[in-house]
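**Student:** When you read off a place in the sequence shown, starting at 1, and then add 44, the result is the number in my numbering. Attaching a single structure in structure tokens format; questions to follow.
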Amino acid sequence: MKHLFYFLAIALFIISCGTSNKITDTSSKNKLEEAVIIENDSLEYQIIIYDIGFSSYLHTIAKPQNFYSQDYYETKNIFYISEWNNRARNPLQYGDFYGSIIDYDQNIDYGIEVNYKLYSYFQFIKYKHGIRLR
Numbered sequence: 045m046k047h048l049f050y051f052l053a054i055a056l057f058i059i060s061c062g063t064s065n066k067i068t069d070t071s072s073k074n075k076l077e078e079a080v081i082i083e084n085d086s087l088e089y090q091i092i093i094y095d096i097g098f099s100s101y102l103h104t105i106a107k108p109q110n111f112y113s114q115d116y117y118e119t120k121n122i123f124y125i126s127e128w129n130n131r132a133r134n135p136l137q138y139g140d141f142y143g144s145i146i147d148y149d150q151n152i153d154y155g156i157e158v159n160y161k162l163y164s165y166f167q168f169i170k171y172k173h174g175i176r177l178r
């Protein structure tokens, strides 16, 4: 009788530690993450970024918007966008990651928010995907 009790106790313990049949999607939070919209309403300029994790990166890892000046962001963005567009135009050489060309006119004042988010996205792709825009 004592052996039967131990056997049942061990069996119940093993069963209770087993995996459940319920499937949970731990990435559902990421799937529901909102797209980041980079826009300047007065210029009718908009970029929508659907890259999972960018919204979180922007709010947790990226430096604050006022960390650098607007001139700094603009200078960096001109360089990054030039390289991005070069890669987007050459998918056979660089792959299809880059998708669309970014229409950015360095003579237009997009404002600090647009330049900050665009700069932060380039930092994010370096952080997440290991892609450096030289």
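Glycine residues also receive a C-beta, built at the ideal position from the N, C-alpha and C atoms. Small disclaimer: the values here were computed from a predicted structure and weren't measured.
When the Cα atoms are used, what is the spatial distance from ASN159 to GLY143?
**Tutor:** 20 Å
**Student:** Quick check on DSSP: helix, strand or coil for ILE91?
**Tutor:** strand
**Student:** Can you give the Cα-Cα distance for ASP147 and ASN129, rounded to whole angstroms?
**Tutor:** 9 Å
**Student:** Would you tell me roughly how many angstroms separate the C-alpha atoms of LYS161 and LEU102, rounded to the nearest one?
**Tutor:** 8 Å
**Student:** Assuming ASN84 and TYR154 are in contact, meaning their beta carbons sit under 8 Å apart, how far apart are those beta carbons, in whole angstroms?
**Tutor:** 5 Å
**Student:** In chain order, what residues of the same chain lie with their CB nearer than 7 Å to the CB of GLN114, ignoring the 5 residues before and after it?
**Tutor:** ILE156 and ASN159
**Student:** Do ILE92 and ALA106 have their beta-carbon atoms positioned less than 8 Å apart in this structure?
**Tutor:** no
**Student:** Just reading off the beta strand (DSSP E) that ILE175 is part of, what are its end residues?
**Tutor:** Per DSSP, ILE175 belongs to no beta strand (DSSP E) and is neither H nor E.
**Student:** Going by DSSP, what residue range makes up the alpha helix (DSSP H) through ILE125?
**Tutor:** 114-133
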